[in-house]
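Chains as they are written, first to last, in this note's numbering: chain A, 172 to 460; chain B, 172 to 460; chain C, 172 to 460; chain D, 172 to 460.
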């Protein structure tokens, strides 16, 4: 079989109480509409009695239109009390990157997108500082500096939302953005805004985690990418990784080694999100392979 | 849903050319016989156009007997040119361990089996040396010493086969067994005999891999568990892992660190095999999660 | 050069404020007494202005007695405000293992000691439960069951201290010992009692860390070996390691994977301690290579 | 103590047959010239009877000139048959990067140098293809395209050497340079030219290692940075690292994951070299911490 191009693929993510006949019903429905299953992965969480499934589909021989397919899925979904989300392979998701002064994650995300590793558009980069403007411009990406005014946080946020609206932003990535985001943003971009925290959460929540790690004398440091929620550093974890350190490493060494971790962890999390491989349940993620 | 006990579960492993309708047909068949799918994982290798699937099933409400189920599967299998294997959750697989003089993998396998990590019986341990007899006996496991006679290898092998036959051995694990096994054994226990090689294959094939690694000055050493085939060290790889080393490590240090690797890698491979999570295709393995 | 046997080696561990001439003075002193340096490692913590050094020595051509050597070191130590500890290569350290009901770390430590990986005697195993008695006896090691009486904790502890005294215990290893040790024990065996905590500290302090990790949805679990201090889970960290997990892993899977981590981490920490490679400063460890 | 700036530091690397009094003699010499030891690390390879040492020195209170110091070292060196190399902390080393068409290691090295992770100048990038010219120019670095002419390899090489001479190049990094370098270059830049090979050497030597790894079905892929020698892929290994893969990964996935490995491994090797932490002996490296 030749592989379909992105325009002819779609991905469905499903979660529901685990019940008999689920898999067969959905497989049968798709087959009956001329859809071929490219990849299916499922997970049953027996402790919570929840079922999760991701199906990537080839739509080339689908003999109904999208609306008909979606109605058919709706019916099955109702029967099984499914939450579901259908994402078509095109157009690409539009991703906004938010930064402050650190540039390593910014470079990394842009270079990976250019290398074809991250399948998205990056129409804007937003910052609360002007410093990274030239860097962003050197990539030919529009840079928006929205400084925070202590007396009027809402004004900045309002501009942010208008900007995101205008640019039809699907995903927001906080690439070492050093401001606390508002509950409003968390709500609007729930499960669509990704943050990188520079520690192995839940160790070292809050500020200056590398300093905390140094003081505690840990032998391993980490980084954590998570969906943004109102409770800081408490959102569903998408990806984590760690690196060995020793008594030889100063705080500066931890920061340097940590940059590599942050880059790797954030880019893997973003990639999983962009490929519709993530389901959230009970403040935890199911990240399919 | 309460979870079924092993007596009421079965696992089917399937491989076939990738074709439309596969997933739906099998799901439908199982559902139609009152079987609930506990876990399903599939993999499509688009470069080889091969499809692989593992389904773990709950048989408690199956309303036919095993024979009827198997005939039904056979029919679908024929239609899709499937190779398939159905393994019932009980009785447990019977595993023979073969050793020579090193005991670390032996201890590890037995202790894991006792801790419930490896779901199998260990009715016998076989060796070409008498040394580990007391160790094996201390675990209450029958020990068979079958020394190799240079002039008559076949005699030993014949005794081995009779022993395996009598003990109804399903799986053979070469836990640092230091003899080359015969083509006859490879054939009889194809995809059921597992060896641990103490290097990151294909680096350092053959003898004394830690010495080879030391001489080459590598910064990482590894271990590899693979199914036994006639071509030494060339069998399908089940599992590998590595450990960082440095100029400080002598050959003895590599050997010591390697023991940990060998234990971990071999036990993970054995566990995957015992849980019917492995499919072989084109001298490579698909190891489901 | 042929290598000296343990009877002819000694290790000195030194910590002091970092000052000019330190290295030269100590090297000169040893050389002047006919001592050859086998290995020297040093570390300067510039943020705390502390200097740490470990020197492993060959005493075969030392032309003074031990007392004279120690007096000479004392003099240099006074000049540089050094804390120092001299450990001779023999006799071996005597290690007590304390357990409750879990046996995996116990098996691991004993088997490693027998394989020559841990250079120590294990004259006793102590438990607050009788369960592991037969296991310990099967290794030919005396087992002491000292049940805790809620109304009289001191009685048990007094027996423990007498036992340790009688057996001339140098090191105490809490191999998943499930009781909180008293401040008295912490004080008597300061920097000589090692505990294994089954999480990546400081994440998941306290009880049931695998359950905590499962609930938080982390993608990595860890284990931490630390010196025992009065503040539970706050002692100087000797060693940590981690393992990747996923949404597929149940709490039982985390516990199973964790056992491998606990074994590895605890045994590495014990090994470092037995080889006199650890210095504590400011509640952190310097673990030389 | 305040830390010296690079202008006031120097690093000496020493290797010689292991003999009594070595450490004391060198420490005494430095102390006697007013030099403070900032860091010293040593390694004794007992199997080869070789001794290796790295000493980083603070020269602020040195009360002789560089020439006098070097003569004094020479004398001690002669006595102990030492090979030694003294590198002053300034000026910075000058590094040439050679590329072909892949840009990921190029971006990585330049961005790390700018972030202060790699303490060097990058005065030129050389390629046999024009493709990466614009990328290099965007960083403000001169780009030299020296195409290979099949009929006259020497002409290109001659230009290369002149260029390196003119630019006073200290280190050459082959950042996925896809041409075989000549014995002449290997000789001129012995232990100063670093290559990244995209496999865990010695597995998968030669071309298309990711394809080889895919075909063999390994569960782990790696990358190796080594000094360039005439025997391709046989040079002393500076650094290696690996990443877990599975049956799910296509060749393209291996290539993508491998890019991360190549970046990490090459940059760590380059950093170790730039910081004068590497000694070569017997085609192996001692890389100090």
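From the three backbone atoms N, C-alpha and C, an ideal C-beta is built for every residue, glycine too.
Note that this is a predicted model, so its numbers are computed, not measured.
According to DSSP, what are the bridge partners of residue i?
i: residue 186/A; result: 223/A, 254/A
i: residue 213/D; result: 224/D
i: residue 207/D; result: 229/D
i: residue 414/C; result: 392/C
i: residue 397/C; result: 366/C, 408/C
i: residue 428/B; result: BP columns for residue 428/B are empty, so no partner.
i: residue 440/C; result: Paired residues: none, contrary to the question.
i: residue 345/D; result: 269/D, 366/D
i: residue 314/C; result: 296/C
i: residue 181/B; result: 228/B, 259/B
List the endpoints of the continuous alpha helix (DSSP H) containing residue i.
i: residue 378/C; result: It is not in any alpha helix (DSSP H) - residue 378/C carries neither H nor E in the DSSP assignment.
i: residue 202/A; result: 193 to 203
i: residue 281/C; result: 275 to 285
i: residue 359/C; result: 354 to 359
Mind reading off the beta-carbon distance from residue i to residue j? Whole number of angstroms is fine, and I expect it under 8 Å.
i: residue 386/D; j: residue 370/D; result: 12 Å between Cβ atoms; not a contact.
i: residue 269/D; j: residue 348/D; result: 4 Å
i: residue 360/C; j: residue 343/C; result: 5 Å
i: residue 456/A; j: residue 409/A; result: 6 Å
i: residue 210/A; j: residue 321/B; result: About 53 Å; that fails the 8 Å criterion.
i: residue 381/A; j: residue 422/A; result: 6 Å
i: residue 393/D; j: residue 412/D; result: 6 Å
i: residue 399/D; j: residue 453/D; result: About 17 Å; that fails the 8 Å criterion.
i: residue 288/D; j: residue 263/D; result: About 13 Å; that fails the 8 Å criterion.
i: residue 277/A; j: residue 296/A; result: 7 Å
i: residue 184/A; j: residue 225/A; result: 5 Å
In the DSSP assignment, find the unbroken beta strand (DSSP E) run with residue i in it and report its ends.
i: residue 264/A; result: 264 to 270
i: residue 292/A; result: 291 to 298
i: residue 319/D; result: That residue, residue 319/D, is in no beta strand (DSSP E); it is neither H nor E in DSSP.
i: residue 309/C; result: Here residue 309/C belongs to no beta strand (DSSP E); instead the alpha helix (DSSP H) covers 304 to 309.
i: residue 449/C; result: 449 to 452
i: residue 456/B; result: 455 to 458
Buried or exposed for residue i, please, with buried defined as at least 16 other CB atoms from any protein chain shown within 10 angstroms of its CB.
i: residue 212/D; result: buried
i: residue 308/B; result: exposed
i: residue 351/B; result: exposed
i: residue 178/B; result: exposed
i: residue 374/C; result: buried
i: residue 298/D; result: buried
i: residue 429/D; result: buried
i: residue 182/B; result: buried
i: residue 336/C; result: exposed
i: residue 301/B; result: exposed
i: residue 230/A; result: buried
i: residue 407/C; result: buried
i: residue 220/A; result: exposed
Using 8 Å as the Cβ pair cut-off and three pairs as the minimum, do the region 313 to 332 of chain D and the region 345 to 363 of chain D touch?
-> yes
Does the region 194 to 207 of chain C come close enough to the region 435 to 447 of chain B that 3 or more CB-CB pairs lie under 8 Å?
-> Judged by Cβ distances under 8 Å, the region 435 to 447 of chain B makes no contact with the region 194 to 207 of chain C, as fewer than three pairs qualify.
Count the C-beta pairs between the region 415 to 426 of chain C and the region 436 to 444 of chain C that are closer than 8 Å, then say yes if the count reaches three, no if not.
-> Cβ pair count under 8 Å is below three, so no.
Kindly confirm or deny that the region 179 to 193 of chain C and the region 183 to 195 of chain D touch, where touching means at least three C-beta pairs closer than 8 Å.
-> Flag = no, the region 179 to 193 of chain C and the region 183 to 195 of chain D do not touch.
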